[in-house]
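Just so you know, we're using the working numbering here: the sequence shown kicks off at 6 and counts up by one. Every residue gets a Cβ at the ideal spot worked out from N, C-alpha and C, and that includes glycine. Note that the coordinates shown come from a computational prediction; the quantities given were computed from them, not determined experimentally. Data block below; observations after.
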Amino acid sequence: MKRLSILGSTGSVGRNALRVAEQFPERFSVAALTAGRNIGLLAEQVMRVTPEVAVVLDENLAGQLKKMVGGAIPLKILYGSDGYRAAAELTSADLVVSAMVGSAGLLPTMAAIEAGKPVALANKESLVMAGELVMGAARKKGVSIIPIDSEHSAIFQCLAGNRRQDLKQIILTASGGPLLDKSAEDLDAITPEMALCHPTWKMGPKITIDSATLMNKGLEVIEAKWLFGVPQELIQVMIHPESVIHSMVVYRDGAVMAQLSLPDMRVPIAYALSYPERLSLGLPHPDFIDIGSLTFREPDLEKFPCLALALEACRIGMTLPAVLSAANEVAVAAFLNDHIGLRRIAQVVEQVMTKHKPVPDPGLSDILSATAWARRAAEEATRLPSPPTVYSLSASEPGKGGQV
Ligand code: MG
């Protein structure tokens, strides 16, 4: 029996991880669930899977959750950054699923690694912000990090059983998102509702907007660089609108390995939860006759400047990727709240990146202060009178925390 601590259980990956865990009750049980503000769903999940610990953003939400759950089950309710850390370090957990959104995922992911827990990683931002530190800590602790991000799961699977020195190239595929075939001018009129309609994947709002701007693919290049320890030059981004091939690895003899499956997050999630075993998920495989053809094209960096900015941040490194990621989070929240247009996201990110003086060889505190600075700079650039309220992606700044 593997006990899971699911960080971010009310998000898209968290909900699917729970679905997989509940499909195989003889294999998985749940030690901890954490959420931000969605306590309604968290309460439901808690009643279903009876974890030892549940964590929410603040004391008030913790009190509300306590009332909702009542004395029905024994449950420790924690809140704030101490609570998230406790869930990541929980003694009884065998595997930590890191599925919080955005920069909020970094510290809990680090805490899990420092506690020697293997991590199933969906929170790409922790590698974007601090890939060198995260992977360094994992190596030092002998902790395995299994990717959940579908492309990285594909690459991970394509690398299995092959020698690293034979690797020639990684082809990171991208669906291209809902705006792939829009003209640059059309992009000015894109509403959050339009950008949230992803053609192939069903995901949370932040990553869906990142997919629409191709920022997601840029973040994934940085993620792949650290996760697989390869130079950026070896990673090629390719648009593949059908989202059937989730990525490919090219070897020096000219052979290409690809991983294919229908776009359902349960496939990479289940693989990460049960690696190296594969579970009978009861999902169909792609019907190639039905699909007919698979197509590929180059990404348009002019139409999608977010991708170019992320590649630039990856090349320069230091604290710049953390700044890119934080500025993007704020700009995406501003777009979702109708404060700025879609094309302004890249402008805000570029403006904040230009103002930043990257710190060489950054430690965790340099990265966190660059992130906080970038959030403030981006908030100023989006001219928000107050932090976004409808789509709050800023669960990243919880108070210290406690228990109710
Ligand atoms: Mg992905």
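Which of the three DSSP states, helix, strand or coil, is assigned to residue i?
| i | result |
| --- | --- |
| Val235 | coil |
| Ile274 | helix |
| Ile195 | coil |
| Met358 | helix |
| Ser401 | Because Ser401 sits at a pLDDT of 48, beneath the cut-off of 50, its placement in the model cannot be relied upon, and the following sentence gives the value as read from the coordinates. Ser401 falls in the coil class under three-state DSSP. |
| Thr394 | Confidence is the limiting factor: at Thr394 the pLDDT is only 49, short of 50, which leaves the residue's position unreliable, though a coordinate-based value still follows. Thr394 falls in the coil class under three-state DSSP. |
| Gly407 | strand |
| Lys72 | helix |
| Arg283 | coil |
| Ala40 | coil |
| Ile372 | helix |
| Arg302 | strand |
| Ala336 | helix |
| Asp366 | coil |
| Met323 | coil |
| Phe309 | coil |
Applying the 10 Å Cβ sphere with the 16-neighbour rule, what's the burial state of residue i?
| i | result |
| --- | --- |
| Thr196 | exposed |
| Asp366 | exposed |
| Asp334 | It should be pointed out that residue 334 corresponds to Glu in this sequence rather than to Asp. Looking at its Cβ environment, which holds 16 or more other Cβ atoms inside 10 Å, Glu334 is buried. |
| Ala315 | buried |
| Ala189 | exposed |
| Asn65 | exposed |
| Asp215 | buried |
| Ala400 | Legend: pLDDT at Ala400 = 45, less than 50; position of this residue unreliable, value from coordinates given subsequently. Counting Cβ neighbours within 10 Å, Ala400 comes out buried, since at least 16 surround it. |
| His361 | buried |
| Ile240 | buried |
| Leu62 | buried |
| Cys202 | exposed |
| Pro393 | Residue placement at Pro393 is poorly supported in this model, since its pLDDT is 49, which falls under 50; the coordinates are not used for a value here. |
| Arg90 | buried |
| Gly5 | Any property of residue 5 remains undetermined from this structure, which presents the chain solely from 6 to 409. |
| Thr15 | buried |
| Pro281 | exposed |
| Met6 | exposed |
| Thr359 | exposed |
| His290 | exposed |
| Gly223 | buried |
According to DSSP, which residues form a beta bridge with residue i?
| i | result |
| --- | --- |
| Arg8 | Ser34 |
| Gly13 | Its beta-bridge partners do not exist; DSSP assigns none. |
| Ala117 | For Ala117, which the question treats as bridged, DSSP gives no partner whatsoever. |
| Ser86 | According to DSSP, Ser86 bridges with nothing at all. |
| Thr178 | Met243 |
| Lys81 | Val58 |
| Pro152 | Leu126 |
| Tyr256 | Leu172 |
| Val262 | In the sequence under discussion, the amino acid at residue 262 is Met, which differs from the Val named in the question. Answer is Val254. |
| Ser216 | For Ser216, which the question treats as bridged, DSSP gives no partner whatsoever. |
| Ser103 | Leu12, Leu126 |
(request) Go through the residues and name those whose CB comes closer than 6 Å to any heavy atom of ligand 1, in chain order. (result) Asp154, Ser155, Glu156, Glu225
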